[in-house]
Ligand code: ATP
Ligand code: MG
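In the numbering used here, the protein residues as written are 55 to 255.
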């Protein structure tokens, strides 16, 4: 039976940056994953109402630009296609169903930055999610290590991180600063074409 090791890397990616890229490539290498799926959240319910959100299709396009030349990294629009709130448990369930239908044995990793590790219990259906995935916790600058509820299987992705966040990029872009060190030129072109973050000044 063919066996696949797949990383689910969910995010708003508004915009995606080199911190995301490094986190995904490190997780892929350290965990021996066949593929890391950048799953673009359609409706990130935990961020609802906090700020304007760029259209999902544009965020998807930016992720594609960021990972274009990287083998084994893929953009996934499955949460956008599904619509409604973006729950990782639904994504994990769907991937398991697809693997079963294809006769594949699937091993799923949920890749999260250290800033999110302490929140896993607040996610939708944590018990079900914990049964489907191993959590891969990626170090993130300035984020302390937090103990997880014992229901979660987890591994650490270690090594250096890039001190970058989408929040940092949005305000830098709104101020017209050069952000080439933080993200891909293709992403910057899409931001400019859609005039995305003028509100973030
Ligand atoms: P925002 O500042 O808008 O919250 P973000 O940079 O945190 O954006 P998200 O789309 O919220 O990006 O994050 C998607 C995933 O990437 C999360 O698991 C987050 O913890 C992780 N992540 C984001 N930036 C980094 C980074 N620099 N290093 C490691 N992981 C990161
Ligand atoms: Mg974040």
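Glycine residues also receive a C-beta, built at the ideal position from the N, C-alpha and C atoms.
Closer than 7 Å by C-beta to residue i: which residues in its own chain qualify, once you throw out the five before and the five after it? Chain order, please.
| i | result |
| --- | --- |
| residue 218 | 71, 72, 73 and 236 |
| residue 3 | A question about residue 3 goes unanswered here, because the residues of the chain that appear run from 55 up to 255. |
| residue 178 | 141 and 143 |
| residue 104 | none |
| residue 223 | 69, 71, 233, 236 and 237 |
| residue 131 | 94 and 114 |
Would the beta-carbon of residue i fall within 9 Å of that of residue j?
| i | j | result |
| --- | --- | --- |
| residue 150 | residue 174 | no |
| residue 203 | residue 239 | no |
| residue 244 | residue 165 | no |
| residue 254 | residue 225 | yes |
| residue 171 | residue 200 | yes |
| residue 148 | residue 136 | yes |
| residue 64 | residue 145 | yes |
| residue 143 | residue 197 | no |
With a threshold of 6 Å on Cβ separation, who are the neighbours of residue i within its own chain once the five nearest residues in sequence on each side are excluded?
| i | result |
| --- | --- |
| residue 76 | 216 |
| residue 108 | 68 and 250 |
| residue 184 | 205 and 206 |
| residue 248 | 112 |
Since residue i and residue j are thought to touch, with beta carbons under 8 Å apart, how far apart are those beta carbons, to the nearest angstrom?
| i | j | result |
| --- | --- | --- |
| residue 91 | residue 59 | Not really, about 12 Å apart at Cβ, beyond 8 Å. |
| residue 124 | residue 79 | 7 Å |
| residue 193 | residue 168 | 6 Å |
| residue 241 | residue 120 | 6 Å |
| residue 256 | residue 140 | Outside the modelled stretch of the chain, which goes from 55 to 255, sits residue 256, for which no answer is possible. |
Please work out which residues of its chain come closer than 8 Å, Cβ to Cβ, to residue i, disregarding the five sequence neighbours upstream and downstream, and give them in chain order.
| i | result |
| --- | --- |
| residue 126 | 82, 87, 88, 89 and 90 |
| residue 228 | 251, 252, 253, 254 and 255 |
| residue 220 | 66, 67, 68, 69, 70 and 71 |
| residue 163 | 59, 60, 61, 62, 81, 85, 87, 187, 188, 189, 190 and 209 |
| residue 138 | 96 and 97 |
Who are residue i's beta bridge partners in DSSP?
| i | result |
| --- | --- |
| residue 188 | 163 and 207 |
| residue 59 | 161 |
| residue 127 | 90 |
| residue 64 | 93 |
Got a sec: does the ligand GDP put a non-hydrogen atom nearer than 8 Å to the Cβ of residue i?
| i | result |
| --- | --- |
| residue 66 | The ligand GDP is not part of this structure, which contains only the ligand ATP and the ligand MG. |
The region 103-116 in contact with the region 156-168 per 3-pair CB rule at 8 Å
no
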